[in-house]
Amino acid sequence: MDREDRLSLPEEVMALVDGEVDEGEARRLRARIAAEPSLGDAERSLRALDRLLGHHPEVVVSAGFAERVLKAARAAPPERPLVHRGFRFARWPLAAAAAAVVVWVALPFLVPRGEAVPAEIPLRDYGVLAAVPESAEGAASLDAAVREIEAVDEIFLRLS
Amino acid sequence: MANAWTDDPEVRLMLDVRSDLPGAFEELVTRYATLLVNFAFRQVGDREEAEDIAQEVLVKIFQARKTYVPAAKLRTWLLTIATNLCLNRRRYRSYRDHVSLDSGPKASDGESRTYADERAEDPFVALERRELSERVRDAVQALPPNQRAAVNLLRFEGLSYKEIADAMGLGLQATKSLLNRAKENLRTALGTELGREPDERSPVVGDALRRER
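Chains as they are written, first to last, in the working numbering: chain A, 1 to 160; chain B, 1 to 213.
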C-alpha cells in the first residue's frame, strides 16, 4: 500500500468490509480487530449497514419507457463535435483586452516603417462590439469590454 | 479496432450499436433500463426524474455511438455518464431553486412510485418492510449528492473503489474518504435500525429478514 493509498484505521476496516484489501492485509486487519473490541464493533456496524442498505426500495421501469427512449434517440440529432461553450460575457473583457494588446504590440511590425498608420484602424471589427447582450449582467460585461477596447484603441491612435 | 475489451459481451453489444446493427440499440435499452432507472432513482429520489435521466443517458450514448471506443466495462461507462448527469442535474436544480422565487419544494412522487418488492405476503410484513425501505431511502437521500453517488456505485452497483474514483473523477484516496464519510452519515442516520438485528423485530418480520441474510 503506497502513501497515496494509506488509509486511516476506520477506512481500513471499511475497505475490509467492502472486500477491497488483499488477503495478507485482510489477515492483518482481522487480527487487529480481534484484539480491539472497538474495531470489532465498527466492523459489525458496517456489515449491518451493508445489509440494511439492501432494503432500499427499487422501482419498476414504466411500461412505455423503452419506446420513449427509442423515439427520443431517433429524433435526436447526431452528436456534434464538442464546442467550447464556456466563452461567455464574463470572459470577454479579458479576452478582448488581450486581443487588443496583441494587435497593439504586433501592428508596428506589420506596418512598413515610414508609412502612416491608417486613421481608421479596424479595431472596431471585434465581435464584442457587435454582440447583443442577453441579460443585464451580460450588458454590463459587454460595456466594460467595449470601454477597454476603446481605451486601448485610443492609446494606439495617440501613439500612431 | 480490436482491444482488450472487445471480447466483453456488453462491449460487443455497444459495438453493434456503433455499427447500427438492427435491434442492437433496442437490446441495449432493454438490458440497461432497469439498472439506469434504479441508479438514478437512488440518486434523485423521484421515479419520473430517474426515468428522464436514464433516457438522457441512453439517448446520449446513441448520439455518440459513432465515436465509441471500448475503454471500460459498458456498465461502468453507462454509470459514469449517469453519475455525471445526476450530479449536474442536482447542481442545476439547486441553482434554479435558489434563484427562482416561485419554485417550491418538488412534489413527492407519492403514489407514482412502484416498489419492485411489493409482493405483500403478509400485510404486516409488507408494512414493516415498506417502512424500513422508506427509512433507508430517506437516509440515502439525506446524504450530500457526491457521497450518495459514491455509496450508490459501491453498494448498489458493485463498482470497486478504483472504478468509483474513475467514474467520479476523483483520486483513490479522496474516494475512500468520501465513502467513509458517507457510511458514517448513514450509520448516524440509521443508528436505531442498525441496533436492531432481525431477531429483535416482530417475529414475522424477523423471520422474513433473516431469510434474506
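We treat Cβ as the ideally placed atom computed from N, Cα and C, and that holds for glycine.
Alpha helix (DSSP H) segment containing residue i, residue limits
i	result
residue 10 of chain A	9 to 17
residue 189 of chain B	172 to 189
residue 34 of chain B	24 to 44
residue 127 of chain B	123 to 141
residue 62 of chain B	47 to 63
residue 68 of chain A	65 to 75
residue 152 of chain B	Looking at the DSSP string, residue 152 of chain B is not in any alpha helix (DSSP H), and its letter there is neither H nor E.
residue 166 of chain B	161 to 168
Residue i (DSSP reduced to helix, strand or coil)
i	result
residue 69 of chain B	coil
residue 11 of chain B	helix
residue 59 of chain A	strand
residue 46 of chain A	helix
residue 38 of chain A	helix
residue 103 of chain A	helix
residue 21 of chain A	coil
residue 21 of chain B	coil
residue 95 of chain A	helix
residue 5 of chain B	coil
residue 78 of chain A	coil
residue 145 of chain B	helix
Residue i, buried or exposed, once every other Cβ within 10 Å from all chains shown has been counted against 16
i	result
residue 127 of chain B	exposed
residue 45 of chain B	buried
residue 74 of chain A	exposed
residue 94 of chain A	exposed
residue 80 of chain B	buried
residue 65 of chain A	buried
residue 75 of chain B	buried
residue 123 of chain B	exposed
residue 98 of chain A	exposed
residue 9 of chain A	exposed
residue 163 of chain B	buried
residue 192 of chain B	exposed
residue 57 of chain A	buried
residue 28 of chain A	exposed
residue 105 of chain A	exposed
residue 39 of chain B	buried
residue 17 of chain B	buried
residue 188 of chain B	exposed
Flag this pair as touching only if the region 53 to 69 of chain B and the region 24 to 35 of chain B have three or more C-beta atom pairs under 8 Å; answer yes or no.
-> Yes, the region 53 to 69 of chain B touches the region 24 to 35 of chain B.
Just checking, does the region 146 to 155 of chain B make contact with the region 181 to 197 of chain B on the three C-beta pairs under 8 Å criterion?
-> Output reads yes: the region 181 to 197 of chain B touches the region 146 to 155 of chain B.
The region 30 to 49 of chain A: which residues have C-beta closer than 7 Å to a C-beta of chain B, in chain order?
-> The region 30 to 49 of chain A vs chain B, Cβ under 7 Å: 45, 46, 48 and 49.
May I ask you to verify whether the region 166 to 176 of chain B touches the region 76 to 90 of chain B, counting CB pairs closer than 8 Å and requiring at least 3?
-> Here the region 166 to 176 of chain B makes contact with the region 76 to 90 of chain B; the two share three or more CB pairs at distances below 8 Å.
Select from the region 14 to 43 of chain B all residues with a C-beta closer than 7 Å to any C-beta belonging to chain A, and list them in chain order.
-> Listed by position along the chain: 25, 26, 29, 30, 33, 34, 37, 38, 41 and 42.
Select from the region 63 to 78 of chain A all residues with a C-beta closer than 8 Å to any C-beta belonging to chain B, and list them in chain order.
-> Legend: CB atoms of the region 63 to 78 of chain A lying less than 8 Å from CB atoms of chain B belong to residues 65, 66, 68, 69, 70, 72, 73, 76, 77 and 78.
Please name the residues in the region 12 to 30 of chain A whose beta-carbon is closer than 8 Å to at least one beta-carbon of chain B, in chain order.
-> Residues 14, 15, 18 and 20.
Specify whether the region 46 to 65 of chain A and the region 11 to 24 of chain A touch according to this definition: at least 3 beta carbon pairs, one from each stretch, less than 8 Å apart.
-> A contact is defined here as three or more CB-CB pairs under 8 Å, and the region 46 to 65 of chain A meets this definition with respect to the region 11 to 24 of chain A.
Of the residues that make up the region 153 to 167 of chain B, which ones have a beta carbon closer than 8 Å to any beta carbon in chain A?
-> The region 153 to 167 of chain B vs chain A, Cβ under 8 Å: 154, 155, 156, 160 and 161.
Segment contact flag, the region 59 to 77 of chain A with the region 60 to 71 of chain B, C-beta cutoff 8 Å, min 3 pairs = Contact holds: three or more Cβ-Cβ distances are below 8 Å.
Determine which residues of the region 169 to 182 of chain B have a Cβ less than 9 Å from any Cβ of chain A, and write them out in chain order.
-> Taking 9 Å as the Cβ-Cβ cut-off against chain A, the residues of the region 169 to 182 of chain B that qualify are 171, 172, 173, 176, 177, 179 and 180.
With a cut-off of 8 Å, do at least 3 Cβ pairs link the region 69 to 82 of chain B to the region 3 to 21 of chain B?
-> Pairwise C-beta distances place the region 69 to 82 of chain B in contact with the region 3 to 21 of chain B, as three or more of them are shorter than 8 Å.
Does the region 34 to 42 of chain A touch the region 13 to 29 of chain B, meaning 3 or more C-beta pairs lie closer than 8 Å?
-> In short, these stretches do not touch, since the Cβ pair count stays below three.
Between the region 49 to 60 of chain B and chain A, which residues of the former have a C-beta closer than 9 Å to a C-beta of the latter?
-> For the region 49 to 60 of chain B, the set of residues with a beta-carbon nearer than 9 Å to any beta-carbon of chain A comprises 50, 51, 54, 55, 56, 58, 59 and 60, in chain order.
Below 8 Å between beta carbons is the criterion; list the residues of the region 132 to 150 of chain B that meet it against any residue of chain A, in chain order.
-> When CB distances to chain A are screened at a threshold of 8 Å, the residues of the region 132 to 150 of chain B falling below it are 132, 133, 134, 136, 137 and 140, in chain order.
For the region 63 to 91 of chain B, which residues have a CB atom closer than 8 Å to at least one CB atom of chain A, in sequence order?
-> The residues in question are 63, 64, 66 and 67.
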